[in-house]
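Quick notes on the structure that follows.
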Amino acid sequence: METIQQWLKDYPLLQSVLKYMAIVLFVLLCIQIIRRFLKRNIANTSVRYKSQKGIELLGYFILAFITVLYFTGSIKDFTVTLGLLSAGLAFTLQELILSIAGSVYIFVVKVYEPGDRIEINGIKGDVIDVDSIYTTMMEIGQWVESDNYTGRIVKLSNAFVFKGAVYNYSKDFPFIWDAFNLPIRYGSDVELAKAIIIEAATTTLAEYTKASKIQWQEVVNKYYIEDAMVEPTLATTLTDNWITFNLRYIVDYKKRRYTKHLLNDLIRKEIEATNGNVVLASETIELIKISDLQVDIKNKT
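Sequence positions in the sequence shown follow the numbering used here and run 1 to 301.
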């Protein structure tokens with residue numbers, strides 16, 4: 001023991017580093033203990049997650065403060081030292097610093113949070129974690145060509161919140177507008193076709209329409225935006241081949257594909273039940289005249 005004490009006296013720098021490491025380990029241990037305590041005692045998933053992230057950010061701030069104060073030895077030199085340190089780090093670790101700043105910005109401004117569906121830097125998916133450097137997403141779209149998961153987990157630097165637009169599908173208004181076209185053959189009962197499509201949409205989307213009205217009113221009260229119609233709407237367009245019926249409606253952002261399937265299937269069944277009064281159109285080619293073709297098998301050349 002005496003040998004170790006004498007060795008530490010002979011190397012004061014080593015002694016200082018060991019003391020600093022002990023302090024850092026103590027702070028990190030305290031953070032982990034508090035995080036585990038919160039995990040065991042907070043039942044609400046959202047509150048538990050946010051409190052754990054808050055403790056983590058607070059711990060990083062305390063470590064940064066202790067580091068500067070420990071190596072300067074005086075609180076009055078803290079501002080000067082911090083400025084010089086920041087200038088050096090800003091040049092060498094600018095991307096890392098921007099990522100950490102992005103995490104603070106995301107947490108404070110609430111750009112998005114775990115559970116939100118977003119699109120950022122061309123990547124679309126559900127946010128499953130936000131830490132001090134990365135946002136982790138479960139990717140959707142790509143080769144799947146729908147809003148289903150691809151199975152890939154994407155880690156994206158938090159710095160991207162400062163570099164481009166962030167599209168949030170669920171913040172404030174967890175609904176989106178969707179639409180699809182139905183080609184109806186000329187000669188069909190147009191009014192009956194309209195009634196079938198509107199009835200199918202109204203019945204299928206009743207729950208979404210009711211819930212979205214309340215949510216949309218909150219959006220109108222919060223932002224400078226005009227009121228919008230959330231009920232299903234139908235528009236017709238005359239083309240060379242058929243009458244195009246465009247159905248536009250509002251739907252839960254996570255159920256767009258399934259809801260479109262329900263609507264198409266119900267409308268198809270109702271149209272088939274009209275016994276030919278309403279017929280879905282398809283692209284066809286009409287041959288007006290075929291030139292006469294004469295074949296002489298007697299004359300051979």
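Quick reminder that beta carbons are idealized off the backbone N, C-alpha and C, glycines included. Note that this is a predicted model, so its numbers are computed, not measured.
- Glu119 carries a strand assignment under DSSP once its states are collapsed to helix, strand and coil.
- It is roughly 44 Å from the alpha-carbon of Tyr112 to the alpha-carbon of Ser282.
- Ser157 sits in a strand when the DSSP states are folded into three classes.
- Contact between Trp216 and Ala228 holds: CB atoms are separated by about 7 Å, below the 8 Å threshold.
- In the structure shown, Gly151 falls within a strand segment according to DSSP collapsed to helix, strand and coil.
- Spatial neighbours of Thr204 in its own chain (CB-CB distance under 8 Å, excluding positions within 5 residues in sequence) are listed in chain order as Thr259, Leu262, Leu263 and Leu266.
- Excluding five sequence positions before and after Leu156, the CB atoms of its chain that fall closer than 7 Å to its own CB belong to Ile120, Asn121, Ile123, Tyr134, Thr135 and Met137, given in chain order.
- Between the C-alpha atoms of Lys19 and Arg36 there is a straight-line separation of about 26 Å.
- The Cβ-Cβ distance between Gly59 and Ile31 falls below 7 Å.
- Annotation: Tyr167 to Ser51 spans about 25 Å, alpha carbon to alpha carbon.
- According to DSSP, Leu234 shares a beta bridge with Leu247.
- Here the stretch 227-247 does not lie against the stretch 139-152, with fewer than 3 beta-carbon pairs under 8 Å apart.
- Of the other Cβ atoms in all chains shown, fewer than 16 fall within 10 Å of the Cβ of Thr237; this residue is therefore exposed.
- In this model, Ala101 and Ile42 are separated by some 28 Å (Cα to Cα).
- With respect to the 7 Å criterion, Gly125 and Ile140 are classified as neighbours on the basis of their beta carbons.
- Beta-carbon to beta-carbon, Leu234 and Ile198 are separated by about 6 Å, close enough to satisfy the 8 Å threshold.
- Close CB contacts of Asp116 within its chain, under the 8 Å cut and outside five residues either way in sequence, are with Asp126, Val127, Asn168, Tyr169, Ser170 and Lys171 (chain order).
- For Asn44, the number of other beta carbons within 10 angstroms of its own is below 16, and it is reported as exposed.
- Close CB contacts of Tyr149 within its chain, under the 6 Å cut and outside five residues either way in sequence, are with Met138 and Ile140 (chain order).
- As for any alpha helix (DSSP H) of minimum length 4 sitting wholly inside the stretch 159-239, the runs are 190-204 and 206-222, ordered along the chain.
- Taking the CA atoms as reference points, Arg48 sits about 31 Å from Lys213.
- At the C-beta level, Ala201 and Pro232 come within 7 Å of one another.
- Lys110 sits in coil when the DSSP states are folded into three classes, being neither helix nor strand.
- Of the other Cβ atoms in all chains shown, 16 or more fall within 10 Å of the Cβ of Thr209; this residue is therefore buried.
- In this structure, the beta-carbon distance from Trp177 to Ile106 does not fall below 7 Å.
- The Cβ atoms of Glu272 and Ile196 lie no closer than 7 Å to each other.
- Ile133 sits in coil when the DSSP states are folded into three classes, being neither helix nor strand.
- In the structure shown, the three-state DSSP call for Gly59 is helix.
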